[in-house]
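**Q** Dropping the structure in here first, questions after.
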Amino acid sequence: GLNWVLSTTLLQKRSDDEWRGRVAGTDHFGITVMMGISALSAGIIMENELLSLVEVIALTGMVQIMLGLAWIMLASPSEKKIIQQSRVKT
């Protein structure tokens, strides 16, 4: 929950007034699509008995950890540059 609030706040701060609604709508659309895809994927995996429930939960946890690490390595340096540039301008 907290991550969603923080990311939405950052999106609102960084988008111009005329784009803010479109950015928020696109963000919400992406979240909704990914929730559907993840539920569908988990359902197919469980229905075809490819993995057990515990294995699906562990797999989704590992995917989230890997995506978080990728974000830290790839996007975090860019985020720091943006923050530093905005501080210099003010």
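Following my numbering, the numbering of the sequence shown begins with 789 at its first residue and continues without gaps. Beta carbons: idealized from backbone N, C-alpha and C, even for Gly. Being a predicted model, the structure only gives us computed values, none of them experimental.
1) Where His816 and Leu790 are concerned, what is the direct C-alpha to C-alpha distance, given to the nearest angstrom?
2) Looking at the secondary structure, which residues open and close the alpha helix (DSSP H) in which Ala830 lies?
3) Only counting the same chain, and skipping five residues up and downstream in sequence, which positions put a Cβ closer than 6 Å to that of Thr797?
4) Near Leu799, which residues of its chain fall below 7 Å by C-beta distance, leaving aside the five closest residues on each side in sequence?
5) The alpha helix (DSSP H) with Ser803 in it runs from where to where?
**A** Considering the structure as presented:
1) 15 Å
2) 808-835
3) none
4) Val811, Ala812, Asp815
5) No alpha helix (DSSP H) contains Ser803, which DSSP labels as neither H nor E.
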